[in-house]
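One structure is given below, encoded as structure tokens.
In my numbering, the protein residues as written are 667 to 772.
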């Protein structure tokens with residue numbers, strides 16, 4: 667579905683196993699708990715697309731068909747911005763380039 671170009675350090679991209687779908691649902695529910703009304707991604711996250719194996723970061727798709735990189739806190743509660751940390755990535759092509767650059771720090 668997403669067609670993002672990501673390294674093999676990411677998992678879950680275009681996968682639909684029961685385990686991956688359960689992880690997507692769990693993380694999406696956590697993000698909905700954490701993202702308060704004053705967070706730029708409040709009511710914007712549609713789906714968790716991929717999981718980064720070296721950290722808790724995830725790529726999410728947004729209602730405007732763009733993508734964002736999010737680092738959930740896993741606190742189980744509403745957070746105060748800037749938490750959870752998030753970075754808008756843009757379109758599929760822009761997101762693929764931005765993630766490749768971001769990964770260089772890992």
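No residue lacks a Cβ here, since even glycine has one placed at the ideal position from N, Cα and C. These numbers were taken from a predicted model, which means no experiment stands behind them.
query	result
Simplified DSSP assignment, three categories, for residue 679	coil
DSSP-derived helix/strand/coil call for residue 766	helix
Beta-carbon gap between residue 707 and residue 752 smaller than 9 Å	yes
Residue span of the beta strand (DSSP E) that contains residue 715, given as start and end	711 to 718
Endpoints, the alpha helix (DSSP H) within which residue 686 is located	684 to 700
Exposure of residue 627, with buried meaning 16 or more beta-carbon neighbours within 10 Å	Nothing about residue 627 can be reported from this structure: the residues present for the chain run from 667 to 772 only.
Proximity below 9 Å, CB of residue 747 to CB of residue 705	yes
Separation of residue 766 from residue 674, as counted between CA atoms	11 Å
Where residue 753 falls: helix, strand or coil (DSSP)	strand
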